[in-house]
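In what follows, a single structure is set out as structure tokens and then discussed.
There are 2 protein chains.
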Amino acid sequence: MEIKFQNYELLLRHKFGISYHSRLSTPAVIIKLNQGEYEGYGEASLPPYLGETQDSVISFLNRIKLRDITSFNDLIDLSKEINSVSINDYAAKASINIAMHDLYGKISNQSCYALYGIEKSPLLFTSYTIGIDSPEMIIKKIEEAKSYKILKIKLGTENDRKILELIRECTDKPLYVDANQGWKDKYSAQEFVNYLAENNVLLVEQPFPINNYEDSAWLSERSPLPIIADESIQTIRDIDWAKNCFTGINIKLMKCGGITEAYKMIKKGREANLKIMLGCMTESSCAISAAIQLSALVDYADLDGNLLILNDPFTCNTVKDGQLKLPDGNGLGIIPDKNKLTI
Amino acid sequence: MEIKFQNYELLLRHKFGISYHSRLSTPAVIIKLNQGEYEGYGEASLPPYLGETQDSVISFLNRIKLRDITSFNDLIDLSKEINSVSINDYAAKASINIAMHDLYGKISNQSCYALYGIEKSPLLFTSYTIGIDSPEMIIKKIEEAKSYKILKIKLGTENDRKILELIRECTDKPLYVDANQGWKDKYSAQEFVNYLAENNVLLVEQPFPINNYEDSAWLSERSPLPIIADESIQTIRDIDWAKNCFTGINIKLMKCGGITEAYKMIKKGREANLKIMLGCMTESSCAISAAIQLSALVDYADLDGNLLILNDPFTCNTVKDGQLKLPDGNGLGIIPDKNKLTI
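Protein chains in written order, with numbering that gives the first Met the number 0: chain A, 0 to 342; chain B, 0 to 342.
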């Protein structure tokens with residue numbers, strides 16, 4: 000098995016604003032594996048809060064040992080070996096794991112979801128993210144999002160109620176609210192969550208800072224809405240404690256290390272009675288297709304990363320009228336854009 | 000509060016060989032905080048398996064917001080805020096947390112251990128690490144280590160039994176064994192652990208790969224020696240599951256984010272009936288002194304990082320005749336070497 004990789008800057012359609020930060024692009028590394036006549040693509044998306052960089056991904060990729068895979072078990076074993084090279088580098092690990100799935104799906108003439116025994120069935124509607132922005136831009140973004148059935152609203156600011164009121168003037172669609180650690184006080188959070196529940200909000204993500212376990216547990220116990228951990232949880236090792244603090248968890252391939260780990264997290268999360276959301280970073284259709292392969296297994300999907308970028312280096316229909324769609328074709332079902340990729 | 004930082008390459012006295020890897024130096028970032036007339040030093044040490052780089056540390060440090068601290072609570076609050084900036088970057092977080100302790104200790108005219116209410120008492124003997132090497136070099140290293148009472152032996156190779164026999168020809172000192180994920184088969188691991196127990200080995204670290212929870216739990220149940228998780232565990236969030244797979248955990252400031260988090264992990268680990276080891280990376284006396292502040296609270300100490308380097312940018316007596324020593328002076332009790340530091 001051979002590997003090539005390419006740094007790639009994912010350009011955002013709109014400035015991406017969350018409670019503590021805004022940016023116009025997200026660095027990524029696209030990788031290609033070759034085995035015989037087959038190839039498989041993978042992706043590491045690297046928002047700053049993840050702590051990985053293009054350099055750290057490439058350093059990781061240069062340290063791993065690859066070999067040909069001839070069965071799904073081989074893929075799983077090689078993935079485990081690769082995961083033992085570092086105690087972090089989860090986006091780097093995800094890039095290899097995704098690419099091996101794409102590759103092995105093509106070798107074995109099947110879709111990635113089939114590798115996990117998942118049947119083709121109607122999928123969830125994905126939420127579509129509206130970042131923090133000026134009132135004019137928020138209105139414009141909601142208009143642009145008219146084909147999506149669920150919106151995900153970034154809050155965690157001083158003006159949360161005003162933003163929600165503004166959105167409710169434009170649309171009565173169901174909403175997910177993502178506070179991105181932005182709330183300070185548990186009592187006002189509780190009051191606000193009650194207000195959100197009365198206004199067709201379906202869930203709240205990451206109300207408090209990463210390590211504020213106490214207030215997260217306090218709010219989860221009292222909230223009429225599911226309280227979903229995002230920044231607070233990362234890998235399968237987090238489930239044992241997260242079940243005591245949250246109603247659900249947002250699993251992202253870039254946080255946990257890829258499709259295999261996400262699948263295991265979904266299973267373990269279910270056993271722990273956690274609601275499961277499948278989320279993403281700013282990602283191309285490569286990593287989004289990888290997540291969609293597992294989306295039949297979860298409660299909520301927020302897989303809009305590829306819809307928010309201008310320069311997707313892959314072609315893939317991942318959504319139709321707001322509903323997720325399992326891509327056709329073997330592996331991930333993505334088609335590389337040779338004008339954008341040099342590998 | 001102002002911050003300065005400097006990339007620094009820690010040069011190893013001997014090539015550092017473990018089960019999967021060897022190297023001659025470890026990159027680090029030394030930081031200096033200034034508040035009024037006071038200054039505090041911190042350090043991020045960055046072995047490759049951690050996934051952080053000098054660039055990622057500096058990127059993290061450029062994203063945090065500092066302010067003056069006037070109490071220990073202030074330090075804790077600011078540390079929490081800084082930790083919410085990223086879901087990883089634990090070595091970067093450690094560097095700031097350590098520096099704030101050094102700074103606030105000086106401001107408040109006390110040692111860092113006193114900030115946690117820890118009394119000055121005789122400390123543990125640290126183990127001294129003998130990396131994987133040629134037989135001649137192993138013999139030479141054991142001779143060099145004659146003032147240390149406990150040796151830590153890196154195993155996880157095909158020749159583990161031969162290495163141990165060689166060491167036992169040179170010394171009957173108590174040993175810690177670190178397999179660094181190198182063992183493949185649980186049955187032969189069990190047999191070997193029994194042999195180790197009969198040969199004055201006191202504990203075994205990280206026998207199996209990071210994610211091999213099943214075999215780790217299996218061996219921990221059957222082993223006469225404590226089985227200590229190192230690469231398998233990182234932060235306080237890992238304790239809830241680790242208690243089901245291991246007898247103990249190796250806490251390192253660079254893995255968990257600094258003194259504050261290590262203190263919390265020690266407390267939570269104790270509640271979970273886990274044995275606690277305090278370990279380190281290749282580190283200067285700065286981060287080693289930071290760990291020693293907490294060493295009265297743990298069962299085993301492997302705090303020899305500064306003893307293994309040639310160009311320590313700080314002066315500090317951290318060990319005497321193999322026994323750890325709380326440095327004199329306020330804060331960390333370290334003296335910067337202005338010939339080596341530019342900040």
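Ideal placement from N, C-alpha and C gives every residue a C-beta, glycine not left out.
All figures in this text were calculated on a predicted structure; none of them were measured in a lab.
Going by beta carbon distance, what residues of the same chain come within less than 8 Å of L218(A), once the five residues before and after it are set aside? Listed in chain order, the non-local C-beta contacts of L218(A) below 8 Å within the same chain comprise K185, A188, Q189, V192, P206, F207 and I226, local neighbours out to five positions each way being set aside.
How about R12(B) and L307(B): are their beta carbons less than 8 Å apart? Pairing R12(B) with L307(B) gives a Cβ-Cβ distance under 8 Å.
Within 8 Å of chain A by C-beta, residues of the stretch 51-85 of chain B in sequence order: Listed by position along the chain: E51, T52, D54, S55, S58, F59, R62, K79, E80, N82, S83, V84 and S85.
Opening and closing residue of the alpha helix (DSSP H) in which E270(A) lies: For E270(A), the enclosing alpha helix (DSSP H) stretches over residues I258 to E270.
Measuring alpha carbon to alpha carbon, tell me which residue in L296(B), M264(B), F15(B) and E1(B) is nearest S348(B). Given that chain B is displayed from residue 0 to residue 342, the structure contains no residue 348(B) and the question cannot be resolved.
Leaving out five residues before and five after D303(A) in sequence, what residues of the same chain have Cβ atoms less than 6 Å from its Cβ? T125, Y127 and T128.
Only counting the same chain, and skipping five residues up and downstream in sequence, which positions put a Cβ closer than 8 Å to that of I238(B)? Closer than 8 Å at Cβ, skipping near neighbours: I232, I248, M264, K267, G268, A271 and L273.
Taking a contact to mean a Cβ-Cβ separation below 8 Å, would you say I149(A) touches Y115(A) in this structure? No, the pair does not count as a contact, with Cβ atoms beyond the cut-off.
I'd like to know if the stretch 328-339 of chain A and the stretch 134-154 of chain A are in contact, where contact means that at least 3 CB-CB pairs between them fall below 8 Å. They do not touch, by the three-pair rule.
Kindly list, in the order they appear in chain B, the residues whose Cβ is closer than 8 Å to that of L307(A). Result: empty, since nearest Cβ-Cβ is about 20 Å, beyond 8 Å.
Which runs of the beta strand (DSSP E) at least 3 residues long sit entirely within the stretch 168-225 of chain B? Give them in chain order. Taken in chain order, the whole beta strand (DSSP E) runs of length 3 or more contained in the stretch 168-225 of chain B are 174-177 and 200-204.
With three or more beta-carbon pairs closer than 8 Å as the criterion, would you say the stretch 131-145 of chain B touches the stretch 107-123 of chain B? Taking 8 Å as the limit for Cβ pairs, the verdict is that the stretch 107-123 of chain B does not touch the stretch 131-145 of chain B.
In this structure, does DSSP put E142(B) in helix, strand or coil? If DSSP states are grouped into helix, strand and coil, E142(B) belongs with the helices.
Selection from T314(B), A178(B), G278(B) and C279(B) that minimises the alpha carbon distance to H20(B): Nearest of T314(B), A178(B), G278(B) and C279(B) to H20(B), Cα basis: A178(B).
Three-state secondary structure assigned by DSSP to P26(A): In the structure shown, the three-state DSSP call for P26(A) is strand.
Cut-off 7 Å between Cβ atoms - residues of its own chain near I75(B), not counting five sequence neighbours on either side: Once the five neighbours on either side are set aside, the close Cβ partners of I75(B) are T259.
CB-CB length for T314(A) against I334(A), believed under 8 Å: T314(A) to I334(A), Cβ: 4 Å. Contact.
I want to verify the contact list: residues of chain B whose CB lies under 8 Å from the CB of L49(A), in sequence order. Simply S85, I86 and N87.
Roughly how many whole angstroms lie between the Cα atoms of D320(B) and M276(A)? Those two C-alpha atoms are separated by around 55 Å.
Taking just the CA atoms, how far does A290(B) sit from I342(B)? If I take the Cα positions, the gap works out to 23 Å.
For I209(B), decide whether its Cβ has a neighbour in chain A, counting only Cβ atoms nearer than 8 Å. Nearest CB-CB separation between I209(B) and chain A: below the 8 Å threshold.
Could you name the residues of chain B that W217(A) contacts, counting a contact when the two beta carbons are closer than 8 Å? Neighbours of W217(A) in chain B, taken as residues at a C-beta separation under 8 Å, are lacking, since the least C-beta distance is about 17 Å.
CB-CB under 7 Å to R221(A), same chain, minus the five flanking residues each way: which ones, in chain order? The beta carbon of R221(A) sits closer than 7 Å to those of Q189, all from its chain and outside the five residues before and after it, given in chain order.
Between which two residues does the beta strand (DSSP E) harbouring S249(B) extend? This sequence places Asn at residue 249(B); Ser is not what is there. Here the beta strand (DSSP E) through N249(B) covers G247 to K251.
Hey, how far is the Cα of A196(B) from the Cα of D159(B)? A direct Cα-to-Cα measurement between A196(B) and D159(B) gives close to 14 Å.
Step through the CB atoms of chain A and report whether any lies within less than 8 Å of the CB of K254(B). With 8 Å as the cut-off, K254(B) counts as an interface residue toward chain A.
Integer-rounded CB distance, given that L49(B) should sit under 8 Å from E1(B): So it is not a contact: roughly 27 Å between Cβ atoms.
Closer than 7 Å by C-beta to P46(B): which residues in its own chain qualify, once you throw out the five before and the five after it? Chain order, please. T25, M280 and T281.
Please list, in chain order, the chain B residues whose beta carbon lies closer than 7 Å to that of E230(A). Residues of chain B whose Cβ lies closer than 7 Å to the Cβ of E230(A) are, in chain order, I86.
Rounded to the nearest angstrom, what separates G278(A) and S294(A) at their Cα positions? G278(A) and S294(A): Cα-Cα distance of roughly 10 Å.
Measure the alpha-carbon distance for L252(A) versus N96(B) and round it to whole angstroms. L252(A) and N96(B): Cα-Cα distance of roughly 29 Å.
So within the stretch 39-82 of chain A, which uninterrupted alpha helix (DSSP H) runs reach at least 4 residues, ignoring any that extend past its ends? DSSP runs (the alpha helix (DSSP H)) wholly in the stretch 39-82 of chain A: 53-62 and 71-82.
Starting from D214(B), find everything on chain A with Cβ-Cβ shorter than 8 Å and list it in chain order. Those do not exist, as D214(B) stays about 12 Å from chain A at its closest Cβ, beyond 8 Å.
Output, in chain order, the set of chain B residues within a Cβ distance shorter than 7 Å of D159(A). Those do not exist, as D159(A) stays about 18 Å from chain B at its closest Cβ, beyond 7 Å.
Just the C-alpha distance for P173(A) and I29(B), rounded to the nearest angstrom, thanks. When rounded, the distance between both Cα atoms is 49 Å.
Under 8 Å, Cβ to Cβ, is there at least one residue of chain B near D301(A)? Answer no: the Cβ-Cβ gap between D301(A) and chain B never drops below 8 Å.
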